[in-house]
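Asker:
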Amino acid sequence: MRISYNWLKNFIDIDKTPEELSLILTDIGLEVESLEVEQSIPGGLNGLVVGEVITCEQHPNADKLKVTTVNVGGPELLHIVCGAPNVRVGLKVIVAQVGTTCHPTNGEPFKITKSKIRGEVSEGMLCGEDEIGLGSSHAGIVELDSDAAVGSLVKSYYQMEDDYCYEIGLTPNRADAASHLGVARDLAAYFRSSLKAVDLSAYQDQSGTGTSVVVESLEDAPRYSGVNIKNIKVGESPEWLRNKLKAIGVRSINNIVDVTNYILHDLGQPLHAFDQDKIAGNKVIVRKAKEGESFKTLDGVERKLSSEDLVIADAEKPMCIAGVFGGEYSGVTESSTSIFLESAYFNPVSVRKTSKRHALKTDSSFRFERGTNPDITVEALKKAAILIAEVAGGEVSSSIVDLYPTAIQPFEFPVSYLNIQRVIGKDIPAATIRDIIVSLGIEIKNETEAGFDVLVPPYKVDVTREIDIVEEVLRIYGYNNIELKTQIKASLNTSEKPDKEVVLNQIADLLVANGYREILANSLTKDDYLENSETAVKLLNPLSSDLDVMRQNLLFSALVAIGYNQKRKSADLKVFEYGRSYNLVDGSYVEKQLFSIAIAGKKELEQWNASDKSVSFYDIKAAVDDIIKRLRVEGIRVEDYEGTYFDYGLSYRKGEKVLVSFGAVSKANLKKADVDGPVFFAQFDWDLLIKVIKKNKITYKEVSKFPSVRRDLALLLDDSVTFEQLRLIATKTERKLLKEVQIFDVYKGEKLASGKKSYALSFVLQDEEKTLTDKQIDAIIQKLIINFEKEVGASVR
Numbered sequence: 000m001r002i003s004y005n006w007l008k009n010f011i012d013i014d015k016t017p018e019e020l021s022l023i024l025t026d027i028g029l030e031v032e033s034l035e036v037e038q039s040i041p042g043g044l045n046g047l048v049v050g051e052v053i054t055c056e057q058h059p060n061a062d063k064l065k066v067t068t069v070n071v072g073g074p075e076l077l078h079i080v081c082g083a084p085n086v087r088v089g090l091k092v093i094v095a096q097v098g099t100t101c102h103p104t105n106g107e108p109f110k111i112t113k114s115k116i117r118g119e120v121s122e123g124m125l126c127g128e129d130e131i132g133l134g135s136s137h138a139g140i141v142e143l144d145s146d147a148a149v150g151s152l153v154k155s156y157y158q159m160e161d162d163y164c165y166e167i168g169l170t171p172n173r174a175d176a177a178s179h180l181g182v183a184r185d186l187a188a189y190f191r192s193s194l195k196a197v198d199l200s201a202y203q204d205q206s207g208t209g210t211s212v213v214v215e216s217l218e219d220a221p222r223y224s225g226v227n228i229k230n231i232k233v234g235e236s237p238e239w240l241r242n243k244l245k246a247i248g249v250r251s252i253n254n255i256v257d258v259t260n261y262i263l264h265d266l267g268q269p270l271h272a273f274d275q276d277k278i279a280g281n282k283v284i285v286r287k288a289k290e291g292e293s294f295k296t297l298d299g300v301e302r303k304l305s306s307e308d309l310v311i312a313d314a315e316k317p318m319c320i321a322g323v324f325g326g327e328y329s330g331v332t333e334s335s336t337s338i339f340l341e342s343a344y345f346n347p348v349s350v351r352k353t354s355k356r357h358a359l360k361t362d363s364s365f366r367f368e369r370g371t372n373p374d375i376t377v378e379a380l381k382k383a384a385i386l387i388a389e390v391a392g393g394e395v396s397s398s399i400v401d402l403y404p405t406a407i408q409p410f411e412f413p414v415s416y417l418n419i420q421r422v423i424g425k426d427i428p429a430a431t432i433r434d435i436i437v438s439l440g441i442e443i444k445n446e447t448e449a450g451f452d453v454l455v456p457p458y459k460v461d462v463t464r465e466i467d468i469v470e471e472v473l474r475i476y477g478y479n480n481i482e483l484k485t486q487i488k489a490s491l492n493t494s495e496k497p498d499k500e501v502v503l504n505q506i507a508d509l510l511v512a513n514g515y516r517e518i519l520a521n522s523l524t525k526d527d528y529l530e531n532s533e534t535a536v537k538l539l540n541p542l543s544s545d546l547d548v549m550r551q552n553l554l555f556s557a558l559v560a561i562g563y564n565q566k567r568k569s570a571d572l573k574v575f576e577y578g579r580s581y582n583l584v585d586g587s588y589v590e591k592q593l594f595s596i597a598i599a600g601k602k603e604l605e606q607w608n609a610s611d612k613s614v615s616f617y618d619i620k621a622a623v624d625d626i627i628k629r630l631r632v633e634g635i636r637v638e639d640y641e642g643t644y645f646d647y648g649l650s651y652r653k654g655e656k657v658l659v660s661f662g663a664v665s666k667a668n669l670k671k672a673d674v675d676g677p678v679f680f681a682q683f684d685w686d687l688l689i690k691v692i693k694k695n696k697i698t699y700k701e702v703s704k705f706p707s708v709r710r711d712l713a714l715l716l717d718d719s720v721t722f723e724q725l726r727l728i729a730t731k732t733e734r735k736l737l738k739e740v741q742i743f744d745v746y747k748g749e750k751l752a753s754g755k756k757s758y759a760l761s762f763v764l765q766d767e768e769k770t771l772t773d774k775q776i777d778a779i780i781q782k783l784i785i786n787f788e789k790e791v792g793a794s795v796r
């Protein structure tokens with residue numbers, strides 16, 4: 000939002016420099032992102048002075064040049080060679096002296112230097128319009144009035160004043176500050192001064208009847224005001240109005256539209272002008288659109304309306320999408336002579352939904368959907384009518400129509416001095432608190448020693464609770480005025496064990512040390528990525544179709560990041576994320592903390608001595624197993640993954656709950672996210688993981704003095720038998736001495752029957768109290784063979 004320094008002076012006396020005011024605005028919550036000098040004419044006529052031609056003689060070496068002496072108020076006359084046909088003795092002229100930079104209407108700026116022109120010295124330039132940006136005429140030099148003071152600044156002669164524009168990063172809750180009046184109101188509170196009253200003395204009330212108005216949807220248009228204006232002449236706006244709008248980045252269209260834009264940025268009240276001769280039946284109807292009703296907006300686009308859209312219609316058809324965009328047919332053109340000027344308060348929710356439905360964002364919708372001031376509609380009409388009379392010759396031809404059957408009431412609630420001081424952390428005097436609140440336009444009543452009740456005007460849509468009043472007081476009082484204490488008193492308490500942040504940092508350090516990078520993704524995503532639409536948490540007012548639901552998993556956050564990097568030639572990725580998922584279960588919102596890992600591309604960076612090998616399922620499994628081992632989680636049950644994430648994968652269960660699932664992301668999900676596969680992904684239930692490791696007990700024991708023994712077995716098995724089944728059988732068979740079971744070879748081929756495979760397993764045995772004998776070892780291996788044969792039909796090869 001752009002705010003003009005000079006424009007603010009219409010509402011409040013300012014004795015601060017633009018730079019000082021910039022700091023103040025930021026301090027009171029209107030963050031200034033940039034401050035720029037605005038000049039209606041490039042260069043602002045800086046350095047140019049008024050001069051008087053004292054002598055004018057023919058140049059001895061050029062027929063079309065004159066040699067002049069010019070008085071610019073200095074001790075000596077300037078010798079200037081000039082080729083303008085209208086130069087003459089006694090003429091008051093614009094002089095660019097040596098060192099002055101001129102900004103022409105067309106072309107690049109140039110600097111005046113002392114030079115010789117055809118043998119005669121020239122100490123400056125007598126300026127034409129096009130040479131200094133005043134206009135496009137090149138017929139001769141500019142002729143000033145005879146009473147222009149010699150030596151005075153040309154910018155003073157033209158009453159030009161540099162302006163300064165603030166780019167303010169307005170937060171969504173500050174709809175009340177979306178205008179020069181709103182910003183001035185905050186400054187007045189800060190300076191404890193009063194606002195200048197809007198001068199409406201030039202407005203002349205009329206008693207005639209004009210366009211009739213009917214509001215059918217009072218819920219969507221609680222207040223609707225309007226007035227008829229005749230005898231207008233549509234054309235270019237005067238220079239002052241064009242310059243005002245140009246300073247804040249608004250393009251001039253014509254004098255009528257420019258006035259409505261001026262009032263919008265001046266008072267914060269959007270207006271709309273209809274060509275009165277195009278209003279069928281001379282009747283305005285504020286109603287809901289018919290489903291599928293066709294309407295062509297000012298941008299020439301034919302749109303299909305929804306029955307939820309509020310429109311301003313005449314007796315036959317819609318003329319405007321209320322609060323959002325005008326219609327092509329009813330707009331003001333050069334041939335318009337009479338208008339119906341609308342000023343209304345529309346329901347913010349209705350405007351917001353319509354604006355999003357049709358993807359139309361305008362200055363009007365920006366304000367209406369955040370909440371305008373319902374008490375200013377008539378005042379805005381009157382000020383606009385005065386301006387239209389000034390710039391377009393318009394005359395008010397009817398009384399003001401003001402339909403406001405149920406007034407919007409101020410927000411009323413109690414406020415405690417103690418709570419204000421407690422939250423702010425400083426004993427601000429009660430009188431200062433009262434002064435700040437009243438200066439913001441908030442009424443105080445029922446005051447006691449302990450506090451008071453407030454009546455907050457409806458335009459301050461973000462002040463509805465006591466804590467909001469605390470914020471208002473604090474930002475005007477000044478955050479910088481709250482002293483930092485040199486001593487902080489705090490009670491210590493033991494943190495929950497294990498500390499979630501410590502555990503997270505341990506795992507993050509582990510992964511980073513292995514080449515992973517952390518990502519942080521948006522919790523908002525698009526419904527194409529939903530796992531289950533029935534449990535989805537959908538946004539009532541989404542920012543876009545790509546951010547309309549809360550994510551149900553971390554899979555697509557990782558895929559979007561991988562896809563983004565792939566498209567930028569960075570396809571070898573190892574990433575992890577710590578984030579939340581959101582679901583609606585049995586009417587309740589469920590939020591879970593998750594942890595994910597994703598890998599894609601090559602296993603190692605490309606180099607001459609490294610293998611050109613892509614990541615595989617076993618790489619993601621190794622990462623998952625490293626985390627499980629690092630956190631000392633035991634008693635894991637391994638199962639085949641069942642779900643829609645992966646084409647194949649595994650799930651690790653602890654009890655009946657899934658602790659982590661991992662595998663190769665399905666081709667369908669890769670296609671949704673526009674990612675080239677393969678991608679391998681793992682997702683931990685972090686809340687469950689923390690709960691599990693709470694039960695871990697750290698025990699220390701001496702390293703065994705006795706050696707371990709390894710024995711190998713090659714087993715012929717059915718294809719359906721998994722290594723996990725064999726591992727569980729082995730650990731159940733020998734609980735005390737069996738320390739480790741590993742698979743080191745898998746074979747399938749012609750030498751084996753169909754549906755068969757061979758696993759080569761290693762078993763590590765150790766007794767921590769004595770050395771194992773061959774007899775003990777053979778007995779254990781024999782028991783293992785018997786149980787493998789009995790439970791899975793294995794045979795030793």
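Residues in the sequence shown are numbered consecutively from 0, following numbering that gives the first Met the number 0. Glycine included, C-beta positions come from ideal geometry on N, C-alpha and C.
(1) From Ser556, Ser21 and Lys499, pick the residue whose C-alpha is nearest to that of Ser522; which is it?
(2) Determine the direct distance from the alpha carbon of Glu160 to that of Ser398, and round the result to whole angstroms.
(3) According to DSSP, which residues form a beta bridge with Cys164?
(4) Residues in the same chain with beta-carbon distance under 7 Å from Ile424, minus the five sequence neighbours each way, listed in chain order, please.
(5) Check this for me: beta carbons of Leu402 and Arg191, under 8 Å apart or not?
(6) Taking the straight line between their C-alpha atoms, what separation do you get for Ala383 and Gly267?
(7) Compute the Euclidean distance between the alpha carbons of Val657 and Leu764, then round it to the nearest angstrom.
(8) Is it true that the CB of Leu34 sits closer than 8 Å to the CB of Tyr163?
(9) Applying the 10 Å Cβ sphere with the 16-neighbour rule, what's the burial state of Arg366?
(10) Rounded to whole angstroms, what's the CA-CA distance from Gln682 to Asp527? Just pull it up for me.
(11) Buried or exposed: where does Arg369 fall if 16 or more other Cβ atoms within 10 Å of its Cβ makes it buried?
(12) Can you tell me which of the three DSSP states Ser364 falls into?
(13) Report the start-end ranges of each beta strand (DSSP E) in the region 22 to 103 that is 3 residues or longer and not cut off at the edges.
(14) Please report the residue range of the beta strand (DSSP E) in which Gln682 lies.
(15) Helix, strand or coil for Ile780 per DSSP?
(16) Do you know how far the Cα of Thr100 is from the Cα of Val80?
(17) Alpha carbon to alpha carbon, how far is Phe575 from Leu519?
(18) So the candidates are Ala148, Pro103, Asp467 and Glu107; which of them puts its Cα closest to the Cα of His137?
(19) Name the residue from Ile27, Thr16 and Lys8 whose alpha carbon lies nearest to the alpha carbon of Arg474.
(20) Once the 5 residues before and after Gly248 are set aside, which same chain residues still bring their CB inside 7 Å of it?
(21) Going residue by residue through the region 389 to 463, where are the continuous alpha helix (DSSP H) segments of at least 4 residues, counting only ones entirely within it?
(22) Quick one, are the C-beta atoms of Glu442 and Val460 less than 8 Å apart?
(23) With which residues is Pro317 paired in a DSSP beta bridge?
(24) Return the chain-ordered list of same chain residues with a C-beta closer than 6 Å to the C-beta of Gly662, the five sequence neighbours on each side being excluded.
(25) With a threshold of 7 Å on Cβ separation, who are the neighbours of Ser193 within its own chain once the five nearest residues in sequence on each side are excluded?
(26) Between Gln57 and Val88, what straight-line distance do the alpha-carbon atoms span, to the nearest angstrom?
(27) Taking 8 Å as the limit between beta carbons, can you name the residues of its chain near Val86, skipping five residues before and five after?
(28) Got a sec, what are the start and stop residues for the alpha helix (DSSP H) Phe555 sits in?
(29) Ignore the nearest five residues each way along the sequence and tell me which others in Ser703's own chain have a CB closer than 7 Å to its CB.
(30) Among Val584, Asp198 and Ile284, whose alpha-carbon lies nearest the alpha-carbon of Ala535?
(31) Hey, could you find the ends of the alpha helix (DSSP H) Arg474 is sitting in?
(32) Could you spell out the range, first to last residue, of the alpha helix (DSSP H) harbouring Tyr189?
(33) Look up Gln275 in the DSSP assignment and say whether it is helix, strand or coil.
(34) In whole angstroms, give me the CA-to-CA distance for Tyr189 and Ile419.
(35) Provide the residue(s) that pair with Ala713 in DSSP beta bridges, ordered along the chain.
(36) Assuming contact is defined by CB atoms lying nearer than 8 Å, are Val674 and Gly514 in contact in what I supplied?
Answerer: Straight from the coordinates:
(1) Your numbering for residue 522 matches position 523 in the sequence shown. With distances taken between Cα atoms, Ser522 lies closest to Ser556.
(2) Taking the sequence shown and counting its residues from 1, one reaches residue 398 at position 399. Taking the sequence shown and counting its residues from 1, one reaches residue 160 at position 161. Their backbone Cα atoms lie some 38 Å apart in a straight line.
(3) For this step, residue 164 is matched to residue 165 along the sequence shown. Bridge partners of Cys164: Ser3 and Glu35.
(4) As a first step, residue 424 must be located in the sequence shown, where it is residue number 425. According to the sequence shown, residue 424 is Gly rather than Ile. Result list for Gly424: Ile481, in chain order.
(5) The residue you call residue 402 lines up with position 403 of the sequence shown. The residue you call residue 191 lines up with position 192 of the sequence shown. No; because the gap between Cβ atoms is not below 8 Å, this pair is not in contact.
(6) As a position in the sequence shown, residue 383 is number 384, starting the count at 1. As a position in the sequence shown, residue 267 is number 268, starting the count at 1. Using only the alpha carbons, I get a separation of about 12 Å.
(7) Numbered from its first residue, the sequence shown carries residue 657 at position 658. Numbered from its first residue, the sequence shown carries residue 764 at position 765. Roughly 31 Å between the two C-alpha positions.
(8) By 1-based counting over the sequence shown, the position of residue 163 is 164. By 1-based counting over the sequence shown, the position of residue 34 is 35. Against a cut-off of 8 Å, the Cβ pair of Leu34 and Tyr163 comes out as a contact.
(9) Numbered from its first residue, the sequence shown carries residue 366 at position 367. Arg366 should be labelled buried.
(10) Against the sequence shown, residue 682 aligns to sequence position 683. Against the sequence shown, residue 527 aligns to sequence position 528. Answer to the nearest angstrom: the Cα atoms are 20 Å apart.
(11) What you label residue 369 is simply residue 370 of the sequence shown in a count that begins at 1. Classification of Arg369: buried, given that the 10 Å Cβ count is 16 or more.
(12) Indexing the sequence shown from 1 puts residue 364 at position 365. Three-state result, Ser364: helix.
(13) 31 to 37, 47 to 57, 65 to 70, 77 to 81 and 91 to 96
(14) Translated into the one-based positions of the sequence shown, residue 682 becomes position 683. Its beta strand (DSSP E) spans residues Val678 to Asp684.
(15) Taking the first residue of the sequence shown as 1, we reach residue 780 at position 781. Ile780 falls in the helix class under three-state DSSP.
(16) Numbered from 1 along the sequence shown, position 81 holds the residue referred to as residue 80. Numbered from 1 along the sequence shown, position 101 holds the residue referred to as residue 100. Cα-Cα distance, rounded: 18 Å.
(17) Working through the sequence shown from its first residue, we reach residue 575 at position 576. Working through the sequence shown from its first residue, we reach residue 519 at position 520. Cα-Cα distance, rounded: 9 Å.
(18) In the sequence shown, counting from the first residue as 1, residue 137 sits at position 138. It is Pro103.
(19) Residue mapping note: residue 474 aligns to position 475 of the sequence shown, counting from 1. Looking at the Cα atoms, Ile27 is the closest of the given residues.
(20) In the sequence shown, residue 248 corresponds to position 249, counting from 1. Here the set comprises Arg1.
(21) 416 to 423 and 429 to 438
(22) The sequence position of residue 442 within the sequence shown is 443, counting from 1. The sequence position of residue 460 within the sequence shown is 461, counting from 1. No, Cβ-Cβ distance for Glu442 and Val460 is not below 8 Å.
(23) Reading the sequence shown from its first residue, position 318 is the one you call residue 317. For Pro317, which the question treats as bridged, DSSP gives the partners Ala312.
(24) Looking up residue 662 in the sequence shown gives position 663. For Gly662, where only same-chain residues beyond five positions count, the Cβ hits under 6 Å are Tyr640, Phe645, Tyr647 and Gly648.
(25) Taking the sequence shown and counting its residues from 1, one reaches residue 193 at position 194. Hits under 7 Å: Ala187.
(26) Residue 57 sits at position 58 when you count from the first residue of the sequence shown. Residue 88 sits at position 89 when you count from the first residue of the sequence shown. Rounded to the nearest angstrom, the two C-alpha atoms are 12 Å apart.
(27) Within the sequence shown, residue 86 is the residue found at index 87, counting from 1. Result list for Val86: Val52, Cys55, Lys65, Thr67, Val92, Leu125, Gly139 and Ile140, in chain order.
(28) Numbered from 1 along the sequence shown, position 556 holds the residue referred to as residue 555. Element bounds for Phe555: Leu554 to Gln565.
(29) Locating residue 703 in the sequence shown gives position 704, counting from the first residue. Once the five neighbours on either side are set aside, the close Cβ partners of Ser703 are Gln765 and Glu767.
(30) Numbered from its first residue, the sequence shown carries residue 535 at position 536. Nearest C-alpha to Ala535: Val584.
(31) Within the sequence shown, residue 474 is the residue found at index 475, counting from 1. Looking at the DSSP string, the run of the alpha helix (DSSP H) that includes Arg474 is Glu465 to Tyr476.
(32) Numbered from 1 along the sequence shown, position 190 holds the residue referred to as residue 189. That run of the alpha helix (DSSP H) goes His179 to Phe190.
(33) Counting from 1 along the sequence shown, the entry for residue 275 is found at position 276. DSSP places Gln275 in helix when its eight states are reduced to three.
(34) In the sequence shown, the residue the question calls residue 189 occupies position 190. In the sequence shown, the residue the question calls residue 419 occupies position 420. One C-alpha to the other measures close to 18 Å.
(35) Taking the sequence shown and counting its residues from 1, one reaches residue 713 at position 714. In the DSSP output, where bridge partners are listed per residue, Ala713 has Ala759.
(36) The residue given as residue 674 occupies position 675 in the sequence shown. The residue given as residue 514 occupies position 515 in the sequence shown. No, the Cβ-Cβ distance between Val674 and Gly514 is not below 8 Å.
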